[in-house]
Amino acid sequence: MLLVRLPCNPIFPVGPIYLADHLHKRFPGLPQELLDLAAVPLLDVHAVLKQTIDRFHPTLLVFSWRDIQIYAPVDGRGGNPLQHSFEVFYARHPLRRLRGALGGLKLMAAYYGELRRNLRLIRRGLRRARRHQPRARAVVGGGAVSVFYEQLGRGLPRGTVVSVGEGEVLLEAMLKGESLERQRCYVVGAPPRPGLIHEPPAPLEKTACDYTYISAIWPQMEWYLDGGDFYVGVQTKRGCPHNCCYCVYTVIEGKAVRVNPAREVVAEMRQLYDRGVRGFWFTDAQFIPARRYIEDAKELLRAILAAGMTDIRWAAYIRADNLDAELAELMVATGMSYFEIGITSGSQELVRKMRMG
Ligand code: B12
Ligand code: SF4
124 MLLVRLPCNP IFPVGPIYLA DHLHKRFPGL PQELLDLAAV PLLDVHAVLK
174 QTIDRFHPTL LVFSWRDIQI YAPVDGRGGN PLQHSFEVFY ARHPLRRLRG
224 ALGGLKLMAA YYGELRRNLR LIRRGLRRAR RHQPRARAVV GGGAVSVFYE
274 QLGRGLPRGT VVSVGEGEVL LEAMLKGESL ERQRCYVVGA PPRPGLIHEP
324 PAPLEKTACD YTYISAIWPQ MEWYLDGGDF YVGVQTKRGC PHNCCYCVYT
374 VIEGKAVRVN PAREVVAEMR QLYDRGVRGF WFTDAQFIPA RRYIEDAKEL
424 LRAILAAGMT DIRWAAYIRA DNLDAELAEL MVATGMSYFE IGITSGSQEL
474 VRKMRMG
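Each residue of the sequence shown is one higher than the one before, counting from 124 in our numbering.
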């Protein structure tokens, strides 16, 4: 099985890593390799994928597509979409308007170019794999696929499995040759069943990722750890019970919060720490999803201190209404260096209207 993380801004590929780890625990004899195309120069991605396939002869190609750059009001490759559109609509000087329009067109070309390139990688990769293994299959998943599962299917070869949300249980079923009917996926050629995105993920007890195994199947791991400045993703729980009207995390991960045991999270962090990692990003949809999870957060932070990881820095998404003084102190003591928080409105009425709680 070849896991391919498709090109994106390089960010630690914790999604495909967890998939490989889970499958290794279920099928210890399964040959796996992880190729991260985000860590390969863009001009070389097609050639590197081809070489890897020719060497490894995969029967299952697992494509992980983390994100599709959206028109978010942030600086990205090619500029800031908000800046360009404000110039087009509001600049007084015609040359500024023109600059905004050209900037917008450049952005669109870059974004659509990325989309087409990734779809091409999947199509060509599958064709190449079939030269060696005529029955080779492709399965695609990841954040971008979960969000654009209907649209992406249109650009993929017939028979490709398109996954929504977590992939562990689906891949396990595929490897066992089980029916995919009850999995959160569809096969290109047939339409996705209505409401697929709203189906809850299958329950799964998450254990510490085995990074000794991961480094053996992923030679590029050192690339991320070299500078020591990367924030490495660690998931401490899945799901968020809230209902904020603009948010898709609750449909990707589901509303049921599943907390990973603190000892497993710490065991995973410790392996990374011993490899020199000091920056951690708790990739949970919400680090403290509700007041009843404050104790879980405290337990984890205490366990991090008890494990001697006292010089780390970490980041997460948090809700300011789920804090108490002890938790805030623990956050500081364990090295919380930044958090992402949405201050949507100062009006409680508006906050309620947006179903944010
Ligand atoms: C944490 C997070 C961040 C953090 C990441 C910190 C870090 N160092 O890791 C930060 C804040 C930096 C970030 C940034 C961005 N993010 Co972000 N992020 C998330 C979040 C909340 C979790 C991602 C994660 O790591 N989860 C944990 C891992 C284990 O899960 P995973 O990678 O999704 O993999 C699982 C499944 O997807 C699946 N899977 C993965 N690959 C495959 C492959 C197959 C074949 C199968 C079957 C399954 C499968 O199984 C995996 C294990 O369960 C998600 C939303 C969400 N709740 O999922 C958005 C999300 C992934 N981000 C998103 C986006 C857009 C971005 C940005 C591009 C935003 C921007 N405009 O700048 C940037 C780009 C980052 C980059 N490449 O540089 C989008 C992607 C959707 C899209 N539009 O394409 C998401 C889904 C949120 C959203 N808006 O919908 N992000
Ligand atoms: S609390 Fe955060 S993750 Fe949960 S629904 Fe609201 S915005 Fe989404």
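Yeah, the Cβ is synthetic: ideal placement off N, Cα and C, and Gly gets one too.
Rounded C-alpha distance that separates residue i from residue j
i, j, result
"S338", "H180", "20 Å"
"F405", "R361", "11 Å"
"L242", "I176", "17 Å"
"Y213", "L395", "49 Å"
"P136", "V211", "37 Å"
"E463", "H255", "46 Å"
"E295", "L327", "12 Å"
"P557", "A232", "Outside the shown range of the chain, which is 124 to 480, sits residue 557, and nothing can be said about it."
"R222", "G202", "12 Å"
Helix, strand or coil at residue i [DSSP, three-state]
i, result
"M432", "coil"
"S302", "coil"
"S460", "strand"
"K173", "helix"
"Y309", "strand"
"E156", "strand"
"A438", "strand"
"K360", "strand"
"F410", "coil"
"E295", "helix"
"H145", "helix"
Span of the beta strand (DSSP E), counted from its first residue to its last, around residue i
i, result
"S286", "V284 to S286"
"S187", "L183 to S187"
"R128", "L125 to R128"
"R260", "R260 to G264"
"F403", "G402 to F405"
"V380", "No beta strand (DSSP E) contains V380, which DSSP labels as neither H nor E."
"G356", "Y354 to V357"
Closest residue to residue i among the options (Cα-Cα distance)
i, options, result
"A313", "G248, A408 and T283", "T283"
"G288", "L319, T182 and A259", "L319"
"M432", "Y372, G458 and I441", "G458"
"R478", "L450, P384 and P364", "P364"
"V310", "E345, H321, Y272 and V292", "Y272"
"K329", "A448, G138, L153 and I441", "G138"
"H147", "P164, E291 and P280", "E291"
"G399", "E422, H321 and F353", "F353"
"Q192", "I417, E156 and P130", "P130"
"C368", "G276, Y416, K476 and G351", "K476"
Delimiting residues of the alpha helix (DSSP H) encompassing residue i
i, result
"L225", "P217 to H255"
"Y272", "Y272 to G276"
"I191", "Per DSSP, I191 belongs to no alpha helix (DSSP H) and is neither H nor E."
"V211", "P204 to Y213"
"T90", "In the structure as shown, the chain starts at 124 and stops at 480, and residue 90 therefore has no counterpart that could be examined."
"L348", "M344 to L348"
Residue i Cβ short of 8 Å to ligand 4 heavy atom set
i, result
"E391", "This structure lacks ligand 4; the ligands present are ligand 1 and ligand 2."
Which residues are close to ligand 2, meaning CB closer than 7 Å to any heavy atom, in chain order? C363, H365, N366, C367, C370, Y372, T373, A408, Q409, P412, Y440, R442, G465 and M479
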